[in-house]
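Mind the numbering: the sequence shown is residues -22 to -1, 1 to 136 in mature numbering (1 follows the signal peptide of the UniProt record, and there is no 0), read in order.
Beta carbons: idealized from backbone N, C-alpha and C, even for Gly.
Here's the structure we're looking at; comments come further down.
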Amino acid sequence: MASPIWFVGLALILASISPTVAKSTPKEFVDAHNAVRANYGVGPVSWNTTLAADARTFARTMMGTCEMVYSNGPYGENMALAYEKTTAELTVNYWASEKKFYEYKSNKCVEEECGHFRQVVWKDTTSIGCAEIECIKDYILTVCNYYPPGNYANQLPY
């Protein structure tokens, strides 16, 4: 039988050669989204494993390039790229920070992009699934899928 020291050594070796990938949990993604959504009076979202699996499959298509190209799939979709470390909360708050570019009265983005914010707070969205991958060394790509999708130009998000 191998000694516990051998197992610890193996774990350290595997950790050192494994890609540096953020380890946000489904709960962390759900909590981060729901914290933002609560500020706008929209209901909570829950985790959907199918959305998460699809997010992971799609994110893996960008391995080696980190080129953020939207899938045009059947879900709403947000993406973010971070250097070295990120968390679900940081990523979702980054998307939510686009609020400053959104004008509710005209339902338009002013000066900059605000679509990530609109998708996070989209009132009809009830479930999410997200994935994080290391697309190139030290760069973490996050993809979140939303169902039902939102962010329609002629509809208010909340």
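key: Alpha-carbon to alpha-carbon, LYS83 and THR120   = 30 Å
query = To which residues does DSSP link CYS87 through a beta bridge?
reply = TYR80
key: Rounded C-alpha distance that separates HIS11 from ASN132   = 23 Å
key: C-alpha distance - MET46 paired with ASN85, whole-angstrom precision   = 25 Å
Delimiting residues of the beta strand (DSSP E) encompassing ASN56 = 54 to 61
message = Can you look up THR103 in the DSSP assignment and give me helix, strand or coil?
response = coil
key: Spatial neighbours of PRO(-4) in its chain, beta-carbon cut-off 6 Å, leaving aside the 5 residues before and after   = For PRO(-4), the pLDDT reaches just 43, beneath the cut-off of 50, and the residue's location in the model is therefore unreliable, leaving the point undetermined.
ask   = Among the residues of its own chain, which have a CB less than 6 Å from the CB of PRO135, if the five just before and after it don't count?
value = ARG96, VAL99 and TRP100
ask   = Given a threshold of 16 other Cβ atoms within 10 Å of its Cβ, counted over all protein chains shown, does GLU91 qualify as buried or as exposed?
value = exposed
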